[in-house]
Amino acid sequence: MSNNLLKGKRGIITGALDENSIAWKVAQKAHEQGASFVLTNAPIAMRMGEINKLADSTGSKIIPADATIIPDIEKLYSESMQHLGGKIDFVLHSIGMSVNIRKNIPYTELNYDFFNKGIDVSAMSFHKMLAVAHKMDAINDWGSVVALTYIAAQRAYPFYTDMADIKAMLESIARTFGYHYGMQKKVRINTVSQSPTRTTAGSGIKGFNEFYEFADKQSPLGNASAEDCANYCISLFSDLTRMVTMQNLMHDGGYSSTGVSQSQLDALMK
Ligand SMILES: NC(=O)c1ccc[n+]([C@@H]2O[C@H](COP(=O)([O-])OP(=O)(O)OC[C@H]3O[C@@H](n4cnc5c(N)ncnc54)[C@H](O)[C@@H]3O)[C@@H](O)[C@H]2O)c1
């Protein structure tokens, strides 16, 4: 259903790898709501070719960019503004990768080269995307930037290893950059803390399926789907949330406010 919430808005959407990606759903919803946007991903992710389907179905252009490389980001903004016909109104940062998680390395034995790589890809890339936009004055006043995060930034989750620390940094960047960009240009910056979601990044975590079930039982509303997450992001890109900034917003079916659910206790009492 379209209410044209994003009619006339121009965006950049990172991180759509395949149809399970949260960014994929955001792109579909943004299209439904009347936005025009550019899709971007790391050149290496393009090889799979899946993103072309999304570009075709949403009438959007693909501009490859590695979000850790400043000249790639500069090119992304300049070509996006040229293609879309003006400054950008919304940006989705949907980028995450930890080599330590991929290689199953425990938190107490982290490889620091991998840790640095994870920080660069998953958190510093957010700062870089904001800093380049700020320098180029590429985002319109009252524009909205959203990055995706996970509750392991606030609570200990053993399987999330270095990504817990990296997400804490990502959320801090949203707050601090949100202050500066808000003061100067009224640009809004928030993070959305999403339920476990079955995607390439999510499923790379050992024990993900079991934990997915746990979180689903713990949350009064159940786990929030990628589609629900996309709807929430659309609301944040819209003018209906124009005074929301510098926030870490829980999008988790009530998981973060629940101590324990009765169904988890019942399962233990069996
Ligand atoms: N899946 C979950 O359970 C879950 C929960 C909460 C938050 N998140 C976050 O949501 C975001 C999106 O992940 P997803 O679950 O949709 O998985 P995904 O694997 O579909 O998306 C991750 C994306 O990051 C891109 N990427 C990796 N390195 C890059 C680089 N150098 N430059 C540009 N792009 C790069 C990948 O190509 C991919 O498209 C991530 O930040 C993730 O941490 C996911």
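Read in order, the letters of the sequence shown correspond to residues 1140 to 1409 in the working numbering.
Using N, Cα and C, we set each Cβ at its ideal position, and we do this for glycine too.
Just so it is clear, the structure is predicted and the values come from calculations on it, not from any experiment.
Measure the beta-carbon distance from residue i to residue j and round it to whole angstroms, keeping in mind my assumption that it falls under 8 Å.
{"i": "LEU1156", "j": "GLU1189", "result": "7 Å"}
{"i": "SER1311", "j": "THR1336", "result": "No, SER1311 and THR1336 are not in contact; Cβ-Cβ is about 23 Å, not under 8 Å."}
{"i": "PHE1265", "j": "ALA1286", "result": "5 Å"}
{"i": "LEU1388", "j": "ASN1329", "result": "6 Å"}
{"i": "ALA1206", "j": "ILE1234", "result": "5 Å"}
Hey, is residue i close to ligand 1, as in C-beta under 7 Å from one of its heavy atoms?
{"i": "ILE1312", "result": "no"}
{"i": "MET1322", "result": "no"}
{"i": "MET1236", "result": "yes"}
{"i": "TYR1289", "result": "yes"}
{"i": "LEU1269", "result": "no"}
{"i": "ASP1228", "result": "no"}
{"i": "LEU1156", "result": "yes"}
{"i": "ASN1284", "result": "The question names Asn, yet the displayed sequence has Val at residue 1284. No, Cβ of VAL1284 sits at least 7 Å from all heavy atoms of ligand 1."}
{"i": "ALA1277", "result": "no"}
{"i": "ASN1180", "result": "yes"}
{"i": "ILE1161", "result": "yes"}
{"i": "ASP1205", "result": "yes"}
{"i": "THR1153", "result": "yes"}
{"i": "THR1384", "result": "no"}
{"i": "THR1197", "result": "no"}
{"i": "PRO1359", "result": "no"}
{"i": "THR1339", "result": "yes"}
{"i": "GLN1333", "result": "yes"}
{"i": "SER1364", "result": "no"}
{"i": "VAL1260", "result": "yes"}
{"i": "SER1264", "result": "yes"}
Could you give the DSSP three-state label for residue i: helix, strand or coil?
{"i": "THR1300", "result": "helix"}
{"i": "ASN1387", "result": "strand"}
{"i": "THR1288", "result": "strand"}
{"i": "GLN1323", "result": "helix"}
{"i": "LEU1178", "result": "strand"}
{"i": "VAL1165", "result": "helix"}
{"i": "ARG1186", "result": "coil"}
{"i": "THR1397", "result": "coil"}
{"i": "ILE1202", "result": "coil"}
{"i": "ASP1367", "result": "helix"}
{"i": "ASN1191", "result": "helix"}
{"i": "GLY1150", "result": "strand"}
{"i": "GLY1411", "result": "The requested residue 1411 is not part of the displayed model; the chain covers only 1140 to 1409."}
{"i": "ALA1155", "result": "coil"}
{"i": "GLY1173", "result": "coil"}
{"i": "ILE1381", "result": "The residue you asked about is not Ile; residue 1381 is Arg in the sequence shown. In this structure, ARG1381 counts as coil in the three-state DSSP scheme."}
{"i": "SER1160", "result": "coil"}
{"i": "MET1433", "result": "Missing from the structure shown is residue 1433; the chain here goes from 1140 to 1409 and no further."}
{"i": "MET1140", "result": "coil"}
When you compare the CB of residue i with every CB in chain E, is at least one pair closer than 8 Å?
{"i": "ALA1340", "result": "Although the question refers to chain E, the structure presented lacks it and comprises just one protein chain."}
* Report the residue ranges of all beta strand (DSSP E) runs contained in full by the segment 1206-1271; include only those spanning at least 3 residues, in chain order. => 1227-1232
* To do: Kindly provide the ranges of any beta strand (DSSP E) runs that are 3 or more residues long and lie completely inside the segment 1327-1361, ordered along the chain.
  => 1327-1333
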